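This report concerns only the one structure given below.
Chains as they are written, first to last, in the working numbering: chain A, 3 to 113; chain B, 570 to 684.
Structure below.
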């Protein structure tokens, strides 16, 4: 039972490049989320998916797109990376009662 | 939407002392309040949570209190140890009652336990 698996762990992009962050959970949770973490700003919600087939914007969605591929997988795409997107990204899946399980994080640097 | 404020941003205590971190929330419909601990370079991990039908919950050296009327909740760590040093996040959500399970986090408290 792996929980929430996130790839890659580290990534360096040049401004304007694109990439997709992958997230998969094996806990049969309906809800999956993407957060970004920046110093002094806590965890801010980018996008979430309350169930398979639905996605909604969070607090900071600009510059990102998401795909809920199936119940297990929820990917985050940066179409044209910008230095402001340098951050640590966490995927999380949620039990019905609200308990969140986090992936190990992706440290992204955009130069 | 929900807004969660957390104080202090940094907290330094002597080993064996108590530490208290406070959070306030804005959405009166929030009913689930977890606390996460994040060690350097690691993912956030749940340490304790409380639901709006109780006022206090304790787990060994950790306790959380909730005041629904004032819309604030607090984390209490007693007999602090060096391994308690980490960043602590409070969060709030409507849980299963609506709005999906959108979890809104505070900005975090860096706790340092000094020998």
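Glycine included, each C-beta is placed from N, C-alpha and C at the ideal position.
Because the structure is a prediction, the values reported are computed rather than measured.
Residue 636 of chain B - containing beta strand (DSSP E), residue span | Numbered from its first residue, the second chain carries residue 636 of chain B at position 67. Segment 631-636, the beta strand (DSSP E) holding residue 636 of chain B.
Rounded straight-line distance, which links the Cα of residue 76 of chain A to that of residue 55 of chain A | Within the first chain, residue 55 of chain A is the residue found at index 53, counting from 1. Within the first chain, residue 76 of chain A is the residue found at index 74, counting from 1. The straight-line gap from Cα to Cα measures roughly 10 Å.
Interface residues of chain A facing residue 615 of chain B [CB-CB closer than 8 Å] | Taking the second chain and counting its residues from 1, one reaches residue 615 of chain B at position 46. 101, 102, listed in chain order.
Output, in sequence order along the chain, the residues in the stretch 596-625 of chain B whose CB is closer than 9 Å to any CB in chain A.
-> Of all residues in the stretch 596-625 of chain B, the ones placed with a Cβ closer than 9 Å to any Cβ belonging to chain A are 600, 601, 603, 605, 607, 610, 611, 612, 613, 614, 615, 618, 620, in chain order.
Residue-chain proximity (residue 673 of chain B, chain A), Cβ-Cβ < 9 Å = Stepping through the second chain from its first residue, residue 673 of chain B is reached at position 104. With a threshold of 9 Å between beta carbons, residue 673 of chain B makes contact with chain A.
For residue 579 of chain B, return the contacting residues in chain A, with the cut-off set at a CB-CB distance below 7 Å.
-> The sequence position of residue 579 of chain B within the second chain is 10, counting from 1. Chain A residues near residue 579 of chain B: none, gap ~10 Å exceeds 7 Å.
Quick one: list the residues of chain B neighbouring residue 43 of chain A, beta-carbon separation under 8 Å, in chain order.
-> For the purposes of this step, residue 43 of chain A is taken as the residue at position 41 of the first chain. What residue 43 of chain A touches in chain B: 676.
The beta strand (DSSP E) with residue 620 of chain B in it runs from where to where?
-> Here residue 620 of chain B refers to the residue found at position 51 of the second chain. Per DSSP, residue 620 of chain B is one residue of the beta strand (DSSP E) stretching across 614-620.
Chain A partners of residue 572 of chain B, CB-CB under 9 Å?
-> One-based indexing of the second chain puts residue 572 of chain B at position 3. Taking the beta carbon of residue 572 of chain B as reference, no residue of chain A falls within 9 Å; the closest one sits roughly 10 Å away.
Determine the direct distance from the alpha carbon of residue 651 of chain B to that of residue 26 of chain A, and round the result to whole angstroms.
-> Residue 26 of chain A sits at position 24 when you count from the first residue of the first chain. Residue 651 of chain B sits at position 82 when you count from the first residue of the second chain. In this structure, the alpha-carbon of residue 26 of chain A lies about 34 Å from that of residue 651 of chain B.
Using the beta-carbon of each residue, which ones in chain A are nearer than 7 Å to residue 664 of chain B?
-> Residue 664 of chain B sits at position 95 when you count from the first residue of the second chain. Within chain A, the residues whose beta carbon sits less than 7 Å from that of residue 664 of chain B are 99, 100, listed in sequence order.
Tell me which same chain residues have a C-beta within less than 6 Å of the C-beta of residue 634 of chain B, skipping the five on either side of it?
-> Numbered from 1 along the second chain, position 65 holds the residue referred to as residue 634 of chain B. Annotation for residue 634 of chain B: 625, 643 place their beta carbon closer than 6 Å to its own, counting only its chain and skipping 5 residues before and after.
Determine the closest residue to residue 36 of chain A out of A/94, A/99, A/30, with distance taken between C-alpha atoms.
-> Here the question's residue 36 of chain A lines up with position 34 in the first chain. For residue 36 of chain A, the nearest C-alpha among the options comes from A/94.
Under three-state DSSP, which class holds residue 652 of chain B?
-> In the second chain, the residue the question calls residue 652 of chain B occupies position 83. Three-state result, residue 652 of chain B: helix.
Any 3 or more C-beta pairs closer than 8 Å across the stretch 653-665 of chain B and the stretch 96-113 of chain A = In this structure the stretch 653-665 of chain B lies against the stretch 96-113 of chain A, because at least three pairs of beta carbons, one per stretch, are closer than 8 Å.
Members of the stretch 643-662 of chain B that neighbour chain A once the beta carbon cut-off is set at 7 Å = With the criterion set as a beta carbon lying under 7 Å from some beta carbon of chain A, the members of the stretch 643-662 of chain B are 658, 662, in sequence order.
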